[in-house]
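Inspection log for the structure reproduced underneath, given as structure tokens.
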Amino acid sequence: MEAALFESAHSALVFAHHYQPGEKTVLGRLAGPSGGGSGRGLGGLDGSAQAGMILRELGELSELYQALLIARTAPAWDICPCSRPCCSGRKANPVWVAAIGILSREAKLILGGAHASFAVRAACVKRHLLRKNERTPVDAMAAEYEINRQTMGKYVTAISKWLTNKEKDALTQFDTVLRELGMVGSADAVSQQNMPSNALFRAAA
Ligand SMILES: [Zn+2]
């Protein structure tokens, strides 16, 4: 594998988790540089094989690291094609749900002696994954789970801090793995090292 296809481990994971065979629009949107700057893309390569390879490497990481990266980059919802009248048109992505479960379980350890329920920990994990303007205020969370506001705030802060640090570690490790495989690289590295043997780059440039 000579071609560096992705700018970062994060973008490689987003691609792998959203890849649908035959969906060129998804390929183009997620895998290619949006501004067309670097001239790289997935044209001519087997996207399915790329996605499979990324997920296989992901599966080699520790359970916690896998969960952190899946929670961040996999879709929470899948489209449901059943078209029954009772269907909302979407269903929970079991891979994402399992990742949230693992993180919520592990979060217990970092709260020390505090007896936060699994549901409270899961709410803190999900909150962390949202953008700031999408987050439920801590007051509302405290009311929902009938917990003291200050206690809820402590849980939210502690879990978010833990996830931020671990996520960074997981991404760094996975970035190294994908760089060694040549799947992630900077535009400079691609042009300097891989250009001569990289037909994909030449074709697109
Ligand atoms: Zn359905």
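Take 1089 as the starting number for the sequence shown in the numbering used here and just add one per residue. Even for Gly, the Cβ is constructed at its ideal location relative to N, Cα and C.
Check                                                                                                                                                : Outcome
Counting along the chain, where does the alpha helix (DSSP H) carrying R1178 start and finish?                                                       : That residue, R1178, is in no alpha helix (DSSP H); its beta strand (DSSP E) goes 1178-1180.
Return the CA-CA distance between V1185 and A1164, expressed in angstroms with no decimal places.                                                    : 7 Å
Identify the residues that DSSP records as bridge partners of I1235: which are they?                                                                 : I1235 pairs with nothing; no bridge assigned.
Tell me whether S1176 is buried or exposed, calling it buried when 16 or more other Cβ atoms sit within 10 Å of its Cβ.                              : exposed
Which residues share a DSSP beta bridge with I1167?                                                                                                  : R1178
Starting from the N-terminal end, write out each residue whose C-beta falls within a distance shorter than 5 Å of any non-hydrogen atom of ligand 1. : C1168, C1170, C1175
Give the single residue among S1171, Q1154, R1178 whose Cα lies nearest to the Cα of G1189.                                                          : Q1154
Measure the C-alpha to C-alpha separation of D1296 and P1173 and round it to an integer number of angstroms.                                         : One cannot answer for residue 1296 here, as it falls past the ends of the chain, which runs 1089 to 1293.
Would you decide whether R1128 is buried or exposed? Buried here means 16 or more other CB atoms lie within 10 Å of its CB.                          : Summary for R1128: the model assigns pLDDT 42, below 50, so the residue's position carries little reliability; its value from the coordinates is reported in the next sentence. It counts as buried.
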